[in-house]
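Chemist:
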Amino acid sequence: MINSLRAPYDGVVIAAPVTIPYVRYSIESAQWWIGRALSALVAQAGIKVSDIDGLCVSSFTMGTDSGVGLTQHFGLCVRWLDTIPLGGASAIAGLRKAARAVQARDADIVACVAGDTNHVDSFRLTLENFSRFNQDAVYPYGAGGANASFALIARNYMRTFGVTREDVGRIAVAQRANALRNPHALMKAPLTMEQYLAARPISDPIHLFDCVMPCAGAEAFLVMRDETAASLGLPAARLLSTIERHNAFADDPMQVRGGWAMDVGELYAMAGVKPDDLDVVQTYDDYPVITMMQFEDLGFCGKGEGAAFVRQRDLTIDGDFPHNTSGGQLSVGQAGAAGAYLGLVEGLRQVLGTAGPTQVRNASLALASGFGMINYDRGLASGAAILAGPSR
Amino acid sequence: MQSKNLLELASAISSGAVRVVDLTFTLSPDFPVIVLPPEFGQAAPVRIQEISRYDGRGPAWYWNNVTFGEHTGTHFDAPIHWFTGKDLPNNAVDTMPPKDMIAPACVIDCSSQAAQNPDFLLTVPIVEAWEAKHGRIPERNWVLLRTDWSKKGWRDYANLRDDGAHTPGPNPEVMKWLVEQRGVIGFGTETIGTDAGQAGHLEPPYPAHHFLHGAGRYGLQCLCNLDQLPATGAVVVASPLKIQNGSGSPLRVIALVAPT
Amino acid sequence: MIDPIKPPRRKNPLLRTRLPASPPRPRSRTSHGFTRAAAEGRFMLQRCEACGSFAYPAREACPSCLSADLAFVDAPRRGMLLAETTARVPSDVYFRERAPWRIGLVKMDCGPTIVAHLHGDCAEGAAICMSLQLDKSGQAVAFAHPEGDTPNMADDKQWREMTADPKFRRVLVTNGRGVIGQEAVAALKAAGAKTVFVGVAEPWRPFAGEERLRDQDGIEIVTLDAADEKSVADLAADIGGKVDILVNTTEYVRPGGLLDRRGTSIARDEIDQAYLGFINLAQAFGPAMRMRGADGINSSAAWVNILSVYALANWPAFGAYSASQAACLSLSHCLRAELRPGGVKVMNLFTGPVDTEWFQMVPPPKVAPRAIAQAIVSGLKGGLEEMYVGDVAEEIRQRLAANPKALERELDR
């Protein structure tokens, strides 16, 4: 229930969408990937490294470094610093913090960056130290990752609402079609519904094409006030609204809705738009059944209507509901914490008109959402943001 | 006696002209031991614990720690072992005269009687019949009771039934007679104990122990190869370990047998 | 439907033996409340003393009222299976080798939701009965069975990983001279063990019950004097690779404490037989047992010790015996840690005075040897680690937990 709207994001803009192309395995460190992203940010924005006076970083494979180690590593001198360990919700959370920092003039140019490397044992090592509840009450059961936990959520969701694998497969198939236009997507082959359905089971009902491919990569953007962007001649998108929620609906025996459902009204009210006004939607697609939940919880259809929604709509770039236009994590790859940023960075490109091969025509209003931190039996973290391009 | 006789003896042993017969069972944990009522203190079983065997515990050598009770395996009983001998002088293994460790032996073959009856008891008439053939038992000789019991499998060797052991031995009269009338230096058997298995029921109980040790004489038990000895003429060497105030010890018992 | 397991074929001597992998081991300290419960076959959850709600996973403050007063209590076992999944390609080596592996999410009647291993007969939407088991890494996990019995229930593949069921396994009972050992042999044979080797020391000495042991199929009498290192090594050389369960039934009981005895010869026998015997058995049989923890249906699974409950609290009337049992108890904890990488459980069975000759003067209640034998079998089938057999053992356990000083005084009468 909204008693009063939160303080608006007047004057806050996002600029310089950066993606360092992903690779499956990298012998470089996370610090190397983050360094590439920071370098690309300053190049794209035409600034000096010393102009960055705020840093927000997310990574699973930084080892013993946190944000402050990176300041010395990269020669940054900042007056605002945060390290966000929220998995797939890190981009939204980082954006929200950076937005208030530049609004209050605690910082002028905040670099938000996520980067992860991928060695052959990165995934296993990351999971082993993920959370206490997972250590005590999930890993001993052979989950070995999020697969089994999400399988249980998927199974319950699909059973509860009569969702078939084919319904869920529509999301994966459409994203693959989008990815074929993205030269940096790691998945390069087309995916048919038959292939999706026939793929080998990982943990019933999760099959191969429901799973993202862990990889190495980095994503980043800059947050600043509009007058800073103007003085740099930098194209920028306005931040209209955000929401963030952790451990929502704890009494739901199993997770069938994410935190967005608690605050979705505020998301649109703050932005002054309706769901139908959006030109492009980027959801967090680890796993596609969670994307279906986001369609429901972010106001595009009612709870339990997600299957009908994807049957009725065309989720491709040229369709009537362009969704995960770069291919999403399912087809581009999940570069650790950078997976949280993938949708927001692609959404930023879309409203700036610089998405290139995956550009949706005349896109000016985008929504990006994040989800993550499966702790024990449900994803705890969630968030969403609505951006508007200069033409709106 | 000249020293050249001794040297001749040594030479004869070395050449094999004088046979050395080993009357000793190998000391091992498997060998049957005396079983006393559980309420009493028990003899320690034989334990052989390797210290090292050319390995990390000792690279170039092999050695063991060995545990045993004084009355384990082929062993010697000293007078101090029995209450009847407790106050005699020089009655322990470390104080007994060393010359008592070498003495001739008379071997009395009762193997066929023992084969018929596990509770066979040696009697005075049997010994007198033996003396008729082989001559009077000289003083300070060992009397060894041959029963071929040592050839049995160990279950039958111990021969424990629900009323105790059933193994052959001497009766009270013959023991008193051998000690007092013949002056034997000691009595030896092939069985576990110088006394018969059921000797607790004799009067006095355990007469071999009673009379031998009461007179400062010795016991030998768990002997073997008595069938390789002549009835007379063998010389037995039985020197127990010099255990401080010891009541007995396992030992190597050998017999020297001259060519016939 | 569980298919009954088939008797394993003879092992192919040309194939490499699969080594034991472990499921994930790390646990928080607080969650070891489940370890304690699983070891004894209890089902316990944290319950808030302030507001009464149950919480899971284990934690430091009640999620309903933030009270820190969370105690582990016996909890109702009933729940409902909300969702299940079958992991086909787990990344963990242990589970990958045993895939497909079924787990599910259960809503307990008493409140919390629990991720649990599933028995093959559990169905979504149906009621289940929850237990806590020690898995092959020695840590507690939740395991759901269907309510009520189903055919061949104990043969479920995932359940057998949690237990040390004697069925089709080969067992060594180290001492068959006494009644406890003989009853254990009979019980293990009846529980489906393929072969029970029975150790007898000093085979030249007859003992009561010998005829009954000799007459039976599947029972092999072997010479074993645990206190003689060569005897143990020789037996292990013969059968060490075939011992799946070892039941240590050493029995050397004598009354007496310190001042009422003279000398140490009885104490030396107590240490020799119980303590050094334990060491010899562990050194001779332990390594092969540890290596064979994943060796098929008749993999090595457990080492059982029959210990006096007075190992935990000395009873001066049997003071020296109590001390030797305490020494063995400590060794058993060392052995438990050393066998854990093989997934072999060490189960300690504590008993009060047994109804055998050396406890003749002790007034009842005394434990029948048959009760110990039955406890061995049920403990193995339940995958337990600690058992208290009989009223005296159970009472000592409770009194020790409540106030060890009171117990010490009460044992000194």
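Protein chains in written order, with this note's numbering: chain A, 169 to 560; chain B, 415 to 674; chain C, 10 to 422.
All C-beta atoms, glycine included, are put in the ideal place defined by N, C-alpha and C.
(1) How about P621/B and P586/B: are their beta carbons less than 9 Å apart?
(2) In chain order, what are the residue ranges of uninterrupted beta strand (DSSP E) at least 3 long that sit wholly in the segment 520-603 of chain B?
(3) Does the beta carbon of V182/C sit closer than 9 Å to a beta carbon anywhere in chain A?
(4) Quick one: what does DSSP say E58/C is sitting in, helix, strand or coil?
(5) Mind pulling the chain B residues with CB within less than 8 Å of P212/C?
(6) I'd like the span of the beta strand (DSSP E) that includes H414/A, first residue to last.
(7) Between L91/C and chain A, is there a C-beta pair that is closer than 9 Å?
(8) Which first and last residues belong to the alpha helix (DSSP H) in which F359/C is found?
(9) Check the Cβ-Cβ distances between N324/A and every residue of chain C, and say whether any is below 9 Å.
(10) Leaving out five residues on either side along the sequence, give the residues of the same chain with a beta carbon under 7 Å from the beta carbon of Q658/B.
(11) Which residues of chain B have a Cβ atom closer than 7 Å to the Cβ of R186/C, listed in chain order?
(12) How far does the alpha helix (DSSP H) with M361/A in it reach, from first residue to last?
(13) In the structure shown, what three-state DSSP assignment does S466/B receive?
(14) Report the residue from G179/A, I188/A, R174/A, V180/A whose alpha carbon sits nearest the alpha carbon of L571/A.
(15) In chain order, what are the residue ranges of uninterrupted alpha helix (DSSP H) at least 4 long that sit wholly in the segment 205-292 of chain A?
(16) Counting only Cβ pairs nearer than 7 Å, list the residues of chain C close to P443/B.
(17) With distances taken Cα to Cα, identify the nearest neighbour of E473/A among F242/A, Y325/A, R273/A.
(18) Identify every residue that forms a DSSP beta bridge with Y397/C.
(19) For the putative contact between V380/A and L498/A, defined by C-beta atoms under 8 Å, what is the C-beta separation to the nearest angstrom?
(20) Give me the residue from T498/B, A474/B, L558/B, L420/B with the minimum Cα distance to P618/B.
(21) Would you call the segment 360-369 of chain A and the segment 389-398 of chain A touching, i.e. three or more CB-CB distances under 8 Å?
(22) Applying the 10 Å Cβ sphere with the 16-neighbour rule, what's the burial state of G567/B?
(23) If we define contact as Cβ-Cβ less than 9 Å, is D335/A a contact residue for chain C?
(24) For A183/A, list the residues DSSP reports as bridge partners.
(25) Measuring only between beta-carbons, confirm whether E395/C sits less than 9 Å from chain A.
(26) Is it right to say K375/C is buried, meaning 16 or more other beta carbons lie within 10 angstroms of its own, or is it exposed?
(27) Decide if L616/B is buried, meaning its Cβ has at least 16 other Cβ atoms within 10 Å, or exposed.
(28) According to DSSP, which residues form a beta bridge with D454/A?
(29) So the candidates are V353/C, D400/C, L90/C, E347/C; which of them puts its Cα closest to the Cα of F359/C?
(30) For M10/C, does the three-state DSSP call read helix, strand or coil?
(31) Residue range of the alpha helix (DSSP H) that C138/C falls in?
(32) Residues in its own chain within less than 8 Å of G578/B by CB, not counting five upstream and five downstream?
(33) At the 9 Å Cβ level, is L320/A part of the contact set with chain C, yes or no?
(34) Residues in the segment 426-455 of chain B with C-beta within 7 Å of chain C's C-beta atoms, listed in sequence order?
(35) Would you mind telling me which residues of chain C sit closer than 8 Å to V306/A, beta carbon to beta carbon, in chain order?
(36) Run through chain B and tell me which residues come within less than 8 Å of S274/C, C-beta to C-beta.
Modeler: Judging by the given coordinates:
(1) yes
(2) 556-560, 600-603
(3) no
(4) coil
(5) W568, R569
(6) 404-414
(7) yes
(8) Per DSSP, F359/C belongs to no alpha helix (DSSP H); it is in the beta strand (DSSP E), 354-360.
(9) yes
(10) D508
(11) Those do not exist, as R186/C stays about 12 Å from chain B at its closest Cβ, beyond 7 Å.
(12) 361-366
(13) strand
(14) Given a span of 169 to 560 for chain A in the structure shown, any question on residue 571/A remains unanswerable.
(15) 235-242, 258-271
(16) D234, D237, K239, S240
(17) Y325/A
(18) F359/C
(19) 6 Å
(20) T498/B
(21) no
(22) exposed
(23) no
(24) L390/A, A404/A
(25) no
(26) buried
(27) buried
(28) Answer is none; D454/A lacks a bridge partner.
(29) D400/C
(30) coil
(31) Taken as a continuous stretch (DSSP letters only), C138/C belongs to no alpha helix (DSSP H), being part of the beta strand (DSSP E) at 136-143.
(32) G611, Q612, G614
(33) yes
(34) P443, P446, V449, G455
(35) V124
(36) G455, Q456, A458
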